[in-house]
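In the working numbering, the protein residues as written are 1 to 266.
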């Protein structure tokens with residue numbers, strides 16, 4: 001049996017010839033929506049850096065904490081850019097557990113991620129997913145799906161492990177910032193070479209065999225992505241160390257690998 005045979009989450013016509021970051025991430029998180037080519041790349045990454053799955057899990061935990069934090073600040077609508085393949089603890093699950101009327105729009109250009117999201121959300125009137133390139137800001141913001149949100153009210157904008165896949169990112173995030181109402185929150189995580197865990201150049205070389213090359217950025221470059229936002233405490237840190245759960249151990253940034261932060265639009 002091929003990867004596609006008997007699998008209802010792969011849309012017709014999807015290009016399965018190259019691995020994708022969304023499906024590799026799903027594999028690292030222990031998910032089932034990945035293909036042999038994705039698993040092969042993930043296993044190469046794990047051979048280079050055995051902690052890569054731990055980095056992915058910490059990133060996912062950051063996402064859950066961020067959504068809960070935004071809900072505490074009164075945010076009830078979320079735009080998740082580069083949302084990937086849904087797995088346990090996805091944005092709508094966290095948000096709607098607090099307020100069932102919370103609205104979530106997922107955006108991804110990976111057809112498998114979108115197809116599975118649509119299956120998951122088919123009976124959920126307050127959450128939707130659609131296929132689009134997040135860098136095409138006009139198309140995203142003008143889409144029918146985004147009309148689920150009221151952009152005149154604060155929005156939680158999520159760019160979790162998105163920016164390092166974009167060769168030019170500052171203008172992209174700036175366009176979304178300009179479209180949001182004051183009081184909106186912006187959260188991101190971003191891969192960096194500043195820390196040892198993901199510094200090995202073989203990691204970037206391996207990702208170039210997929211649909212998604214990576215562009216690590218320095219602390220100053222990531223800080224610049226928050227132009228127009230005021231960072232909340234503890235400022236720009238790493239994914240595991242941004243407002244960790246009470247019993248969570250502090251993680252050495254050298255082992256974390258991702259910058260993380262949340263800002264509020266002034």
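For every residue, glycine included, the Cβ atom is placed at its ideal position computed from N, Cα and C.
{"Query": "Proximity of residue 108 and residue 114 at Cβ, strictly below 8 Å", "Result": "yes"}
{"Query": "Residue 173 - DSSP class collapsed to helix/strand/coil", "Result": "helix"}
{"Query": "Those residues which DSSP pairs with residue 229 across a bridge", "Result": "265"}
{"Query": "Residue 277 versus residue 31 - alpha carbon distance", "Result": "With the chain covering only 1 through 266, there is no way to say anything about residue 277."}
{"Query": "Range of the contiguous alpha helix (DSSP H) that encloses residue 206", "Result": "201-207"}
{"Query": "6 Å CB neighbourhood of residue 261 in its chain, flanking five on each side removed", "Result": "231 and 236"}
{"Query": "Bridge partner(s) assigned by DSSP for residue 129", "Result": "106"}
{"Query": "Residue 186, enclosing beta strand (DSSP E) - first and last residue", "Result": "185-191"}
{"Query": "Cutoff 6 Å; reference residue 187; Cβ partners in own chain excluding five residues on either side", "Result": "66, 158 and 262"}
{"Query": "Sheet register partners of residue 77 (DSSP bridge)", "Result": "103"}
{"Query": "Cβ neighbours of residue 72 in the same chain (closer than 8 Å, five flanking residues each side left out)", "Result": "none"}
{"Query": "Through-space distance from residue 254 to residue 110, alpha-carbon basis", "Result": "30 Å"}
{"Query": "DSSP-derived helix/strand/coil call for residue 48", "Result": "helix"}
{"Query": "First and last residue of the uninterrupted alpha helix (DSSP H) at residue 157", "Result": "That residue, residue 157, is in no alpha helix (DSSP H); its beta strand (DSSP E) goes 156-160."}
{"Query": "Whole-angstrom distance between residue 117 and residue 86, CA atom to CA atom", "Result": "6 Å"}
{"Query": "Option nearest residue 54 by Cα separation, candidates 64, 256 and 265", "Result": "256"}
{"Query": "Helix, strand or coil at residue 260 [DSSP, three-state]", "Result": "strand"}
{"Query": "Cβ neighbour criterion (16 or more within 10 Å) applied to residue 218", "Result": "exposed"}
{"Query": "As assigned by DSSP and simplified to three states, the class of residue 237", "Result": "strand"}
{"Query": "Straight-line Cα distance separating residue 202 from residue 101", "Result": "44 Å"}
{"Query": "Identity of the residue in 190, 221 and 227 nearest residue 214 by Cα", "Result": "190"}
{"Query": "Residue closest to residue 224, alpha-carbon to alpha-carbon, out of 199, 177 and 34", "Result": "177"}
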